[in-house]
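Protein chains in written order, with our numbering: chain A, 150 to 278; chain B, 98 to 388.
Built from N, CA and C at the ideal position, the CB exists for glycine as well.
Note sheet for the following structure.
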Amino acid sequence: MSENYNIDIISPEEVLLSDKVNSVTIPSFEGEMTILSDHIPLITFLRPGIIKISGDKEVKYFVEEGTVEFSENKLIILSSNVINVDNLSKEKISKMIEEAKNQLEKESLDDKKRYIISHKVDCLSGINL
Amino acid sequence: MPSLDDLRKRIASVKSTQKITKAMKMVAAAKLRKAQEMAEKGRPYSDKMNVIIQNLSKAINDPLNAPRLLVGTGEDKNHLCVVMTADRGLCGGFNTNIVKLAKNYFNKILKESKNLKIITVGTKGFDQLKRDYGKYIIKKINFKDKKKLSFQDAESIGNEIVKLFKNKEFDKCVIFFNKFKNVMTQIPQVQQVIPAKKGEQPKEEQNSFYEFEPEEEEILEDLLPKNISTQIYKGFLENSASEQGSRMTAMDNATRNAGDLVEKLTINYNRSRQAAITKELIEIISGAESL
Chain A
150 MSENYNIDII
160 SPEEVLLSDK
170 VNSVTIPSFE
180 GEMTILSDHI
190 PLITFLRPGI
200 IKISGDKEVK
210 YFVEEGTVEF
220 SENKLIILSS
230 NVINVDNLSK
240 EKISKMIEEA
250 KNQLEKESLD
260 DKKRYIISHK
270 VDCLSGINL
Chain B
98 MPSLDDLRKR
108 IASVKSTQKI
118 TKAMKMVAAA
128 KLRKAQEMAE
138 KGRPYSDKMN
148 VIIQNLSKAI
158 NDPLNAPRLL
168 VGTGEDKNHL
178 CVVMTADRGL
188 CGGFNTNIVK
198 LAKNYFNKIL
208 KESKNLKIIT
218 VGTKGFDQLK
228 RDYGKYIIKK
238 INFKDKKKLS
248 FQDAESIGNE
258 IVKLFKNKEF
268 DKCVIFFNKF
278 KNVMTQIPQV
288 QQVIPAKKGE
298 QPKEEQNSFY
308 EFEPEEEEIL
318 EDLLPKNIST
328 QIYKGFLENS
338 ASEQGSRMTA
348 MDNATRNAGD
358 LVEKLTINYN
368 RSRQAAITKE
378 LIEIISGAES
388 L
């Protein structure tokens, strides 16, 4: 069992979560990564996906984008688009998938955006409630 | 000397004005609490964002490759000013203070014969600026029909600014807003958002070597536009708290003034009423005496 460290999830409107946790899995732009305590300082940004936080209990958040900084055993996640998975419903998810799919059909998208949106679709369809 | 009837009417009208200002003060006080709470909740995000950008920009050694949004275009010719004001009046010096500060800045820029472009957010600022600086205003934005400003609104303005920057419409961007200090004091502020790096400030070296994934440049490319939206959103929040605070103070003063006025008028009224009664009595007595 490794030690716990601090995590803050902050949206522009408020501090969503400030807690001590054991490990956090984030959907970083280049793939999933899990951060344990004493990780080296890191700055990265997120693609759509699920943040899995395991501390006393397991919590999941769905994010669309965000910035992550880890330094001195403090993890800061800044995102304007965070939803606790518990607050999602089946209808909401299918609506979001549909919206994303509509966006995908647009011709004008560049590859990077296409990659991000298709990830969003994959990730959303992967959520089981 | 106004007649008794006139006085009575004036007292009634001042009293009803007082009722309005009192009600406005209460409303402002209630809204202020909410706005203040939001402003305080919003602070960590923009603070942390700043810290991350600071850390990132330290890691970039080659200024030639650095994103333009961070280091600027290297020129200082075209200025974009975003003036954020309220959509409503009756809030004391709130709007005037921002506009005054902005006008000073504009004059300085124009004196140095640089190009000026203005975006106004909020109708009051536009109304006050259109007379003298109408030809510089390239866009006016207002959220009159919105009850609560969300981050998305700020983002839309932010994206607009970034788009203009990418089209090389300006080299430097500053925003004007009122910083909320407390209910009595709001400080009009100028903040530079583009370029994000403010000169070289030798800070104590932090010995944190960050791992970046992907590259620093790429992260910055993603982060800097977000930072602009964040700064604008912060401006919104500070502004709305300031607006309500300013309105509350203004309305409190107005209520007090109305109270003073009513008092004075009442004394006046009572005096002239007494004078009228005395006059009538004298008339009766002197009438009775003469019999």
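Could you tell me the alpha carbon to alpha carbon distance between A:GLY198 and A:ASP168, rounded to whole angstroms? Counting from 1 along the first sequence, the entry for residue 198 of chain A is found at position 49. Counting from 1 along the first sequence, the entry for residue 168 of chain A is found at position 19. The alpha-carbon of A:GLY198 is positioned some 21 Å away from that of A:ASP168.
Own chain residues within Cβ distance below 6 Å of B:ALA351, not counting five before or after: Counted from its first residue, the second sequence places residue 351 of chain B at position 254. Cβ within range, chain order: THR118.
Mark B:ASN279 as exposed unless 16 or more other C-beta atoms lie within 10 angstroms of its C-beta, in which case mark it buried. Position 182 of the second sequence, counted from the first residue, corresponds to residue 279 of chain B. Around the beta carbon of B:ASN279, fewer than 16 other beta carbons lie within 10 angstroms, which makes this residue exposed.
Suppose you measure from the CA of B:GLY222 to the CA of B:PHE267; what does that come to, to the nearest Å? Sequence index remark: in the second sequence, residue 222 of chain B carries index 125 (1-based). Sequence index remark: in the second sequence, residue 267 of chain B carries index 170 (1-based). The alpha-carbon atoms of B:GLY222 and B:PHE267 are separated by roughly 21 Å.
Using a Cβ-Cβ distance under 9 Å, would A:SER257 count as near chain B? Translated into the one-based positions of the first sequence, residue 257 of chain A becomes position 108. For A:SER257, no CB of chain B lies under 9 Å from its own CB, so it is not counted at the interface with that chain.
Tell me whether B:GLY231 sits in a helix, a strand or coil according to DSSP, three-state version. Along the second sequence, one-based indexing puts residue 231 of chain B at 134. Helix.
By Cβ distance below 6 Å, which residues in the same chain neighbour A:ILE225 in space, the five residues on each side in sequence not counted? Stepping through the first sequence from its first residue, residue 225 of chain A is reached at position 76. Excluding the 5 residues flanking it on each side, A:ILE225 has same chain C-beta neighbours closer than 6 Å at ASP157 and GLU218, in chain order.
Hey, does A:PHE178 have any beta-carbon neighbour from chain B nearer than 9 Å? One-based indexing of the first sequence puts residue 178 of chain A at position 29. Interface residue (Cβ-Cβ distance to chain B less than 9 Å): A:PHE178 is classified as such.
Any beta-carbon of chain B closer than 9 Å to the one on A:PHE194? As a position in the first sequence, residue 194 of chain A is number 45, starting the count at 1. Interface with chain B (9 Å Cβ-Cβ cutoff): A:PHE194 is included.
Alpha-carbon spacing of B:VAL259 relative to B:ALA293, whole angstroms: For the purposes of this step, residue 259 of chain B is taken as residue 162 along the second sequence, with counting starting at 1. For the purposes of this step, residue 293 of chain B is taken as residue 196 along the second sequence, with counting starting at 1. Rounded to the nearest angstrom, the gap between the Cα atoms of B:VAL259 and B:ALA293 is 12 Å.
Neighbourhood of B:SER52 by C-beta distance below 8 Å, restricted to the same chain and skipping five residues each side: Any answer about residue 52 of chain B is impossible in this case: the structure gives chain B only from 98 up to 388.
Considering Cα atoms alone, identify which of B:ASP144, B:SER154, B:LYS265 and B:ILE235 is closest to B:THR170. For the purposes of this step, residue 170 of chain B is identified with residue 73 of the second sequence, where counting begins at 1. Of the residues B:ASP144, B:SER154, B:LYS265 and B:ILE235, the one whose Cα lies closest to the Cα of B:THR170 is B:LYS265.
Beta-carbon separation of A:THR216 and B:ILE316 under 9 Å? Residue mapping note: residue 216 of chain A aligns to position 67 of the first sequence, counting from 1. Residue mapping note: residue 316 of chain B aligns to position 219 of the second sequence, counting from 1. B:ILE316 is positioned such that its CB atom lies closer than 9 Å to that of A:THR216.
Applying the 10 Å Cβ sphere with the 16-neighbour rule, what's the burial state of A:ILE266? What you label residue 266 of chain A is simply residue 117 of the first sequence in a count that begins at 1. Burial call: buried.
Using the Cα positions of B:ASP229 and A:GLU221, report the straight-line distance between them to the nearest angstrom. The count along the second sequence starts at 1 and reaches residue 229 of chain B at position 132. The count along the first sequence starts at 1 and reaches residue 221 of chain A at position 72. In this model, B:ASP229 and A:GLU221 are separated by some 53 Å (Cα to Cα).
For a cutoff of 9 Å on Cβ pairs, would you count B:LYS119 as touching chain A? Within the second sequence, numbered from 1, the residue matching residue 119 of chain B stands at position 22. Under the 9 Å criterion on CB atoms, B:LYS119 is classed as non-interfacial with respect to chain A.
State yes or no: is the beta carbon of B:SER154 nearer than 9 Å to at least one beta carbon in chain A? For this step, residue 154 of chain B is matched to residue 57 along the second sequence. With its beta carbon at least 9 Å from every one in chain A, B:SER154 lies outside the interface.
C-alpha distance - B:GLU301 paired with B:PRO322, whole-angstrom precision: Within the second sequence, residue 301 of chain B is the residue found at index 204, counting from 1. Within the second sequence, residue 322 of chain B is the residue found at index 225, counting from 1. Per-residue confidence for B:GLU301 stands at a pLDDT of 47, beneath the threshold of 50, marking its modelled position as unreliable; no derived number is given.
Could you tell me whether any Cβ in chain A is nearer than 9 Å to the Cβ of B:VAL290? Counting from 1 along the second sequence, the entry for residue 290 of chain B is found at position 193. Closer than 9 Å to the CB of B:VAL290 there is not a single CB belonging to chain A.
Cβ distance (whole Å) where A:ILE192 is taken to contact B:PHE309 below 8 Å: The count along the first sequence starts at 1 and reaches residue 192 of chain A at position 43. The count along the second sequence starts at 1 and reaches residue 309 of chain B at position 212. About 6 Å; that satisfies the 8 Å criterion.
Within 8 Å, do at least three Cβ pairs link the stretch 166–186 of chain B to the stretch 211–222 of chain B? A contact exists between the stretch 211–222 of chain B and the stretch 166–186 of chain B.
Who pairs with B:LEU213 in a beta bridge, going by DSSP? In the second sequence, counting from the first residue as 1, residue 213 of chain B sits at position 116. Here B:LEU213 is bridged, per DSSP, to B:HIS176.
Just verifying my parser: in three-state terms, what is the DSSP assignment at A:GLY180? Your numbering for residue 180 of chain A matches position 31 in the first sequence. In this structure, A:GLY180 counts as strand in the three-state DSSP scheme.
Contact set between B:ILE316 and chain A, taken where Cβ atoms lie within less than 9 Å: Numbered from 1 along the second sequence, position 219 holds the residue referred to as residue 316 of chain B. Under the 9 Å cutoff, chain A gives PHE178, ILE192, THR193, PHE194 and THR216.
Apply the 10 Å Cβ neighbour rule to B:LYS122 and answer buried if 16 or more other Cβ atoms are within range, or exposed otherwise. Your numbering for residue 122 of chain B matches position 25 in the second sequence. Burial call: buried.
Per-residue burial, A:LEU195 [other beta carbons within 10 Å of its own, 16 or more giving buried]: The residue you call residue 195 of chain A lines up with position 46 of the first sequence. Counting Cβ neighbours within 10 Å, A:LEU195 comes out buried, since at least 16 surround it.
Any beta carbon from chain A within less than 9 Å of B:ASP319's own beta carbon? What you label residue 319 of chain B is simply residue 222 of the second sequence in a count that begins at 1. So, interface residue.
Would you decide whether B:LYS232 is buried or exposed? Buried here means 16 or more other CB atoms lie within 10 Å of its CB. Position 135 of the second sequence, counting from 1, holds the residue named residue 232 of chain B. It counts as exposed.
What's the gap between the Cα of A:GLU162 and the Cα of B:LYS244? The residue you call residue 162 of chain A lines up with position 13 of the first sequence. The residue you call residue 244 of chain B lines up with position 147 of the second sequence. If I take the Cα positions, the gap works out to 15 Å.
Okay, do the stretch 365–378 of chain B and the stretch 206–213 of chain B touch, 3+ Cβ pairs below 8 Å being the bar? No: fewer than three Cβ pairs fall under 8 Å.
Hey, quick one: how far does the alpha helix (DSSP H) through A:LYS206 stretch, first residue to last? Residue 206 of chain A sits at position 57 when you count from the first residue of the first sequence. No alpha helix (DSSP H) holds A:LYS206; DSSP gives it neither H nor E.
Counting along the chain, where does the beta strand (DSSP E) carrying A:LYS223 start and finish? By one-based count along the first sequence, residue 223 of chain A stands at place 74. Judged by DSSP secondary structure, A:LYS223 falls within the beta strand (DSSP E) whose first and last residues are 223–227.
Are the stretch 187–198 of chain B and the stretch 332–343 of chain B in contact at 8 Å, needing three or more beta carbon pairs? Segment contact: the stretch 187–198 of chain B against the stretch 332–343 of chain B, three or more CB-CB distances shorter than 8 Å; contact assigned.
Chain B beta carbons: is any one of them nearer than 9 Å to that of A:LEU227? Position 78 of the first sequence holds residue 227 of chain A. Answer yes: the Cβ-Cβ gap between A:LEU227 and chain B drops below 9 Å somewhere.
Among all the DSSP beta bridges, which residues are the ones paired with A:ASN233? Start at 1 with the first residue of the first sequence, and residue 233 of chain A comes out as number 84. According to DSSP, A:ASN233 bridges with A:TYR210.
Quick check: the Cα distance between A:ASN254 and B:ALA347, rounded to an integer number of angstroms? As a first step, residue 254 of chain A is located in the first sequence; it is residue number 105 there, counting from the start. As a first step, residue 347 of chain B is located in the second sequence; it is residue number 250 there, counting from the start. Inspection of the sequence shows that residue 254 of chain A is occupied by Glu rather than by Asn. Pairing A:GLU254 with B:ALA347, the inter-Cα distance amounts to about 54 Å.
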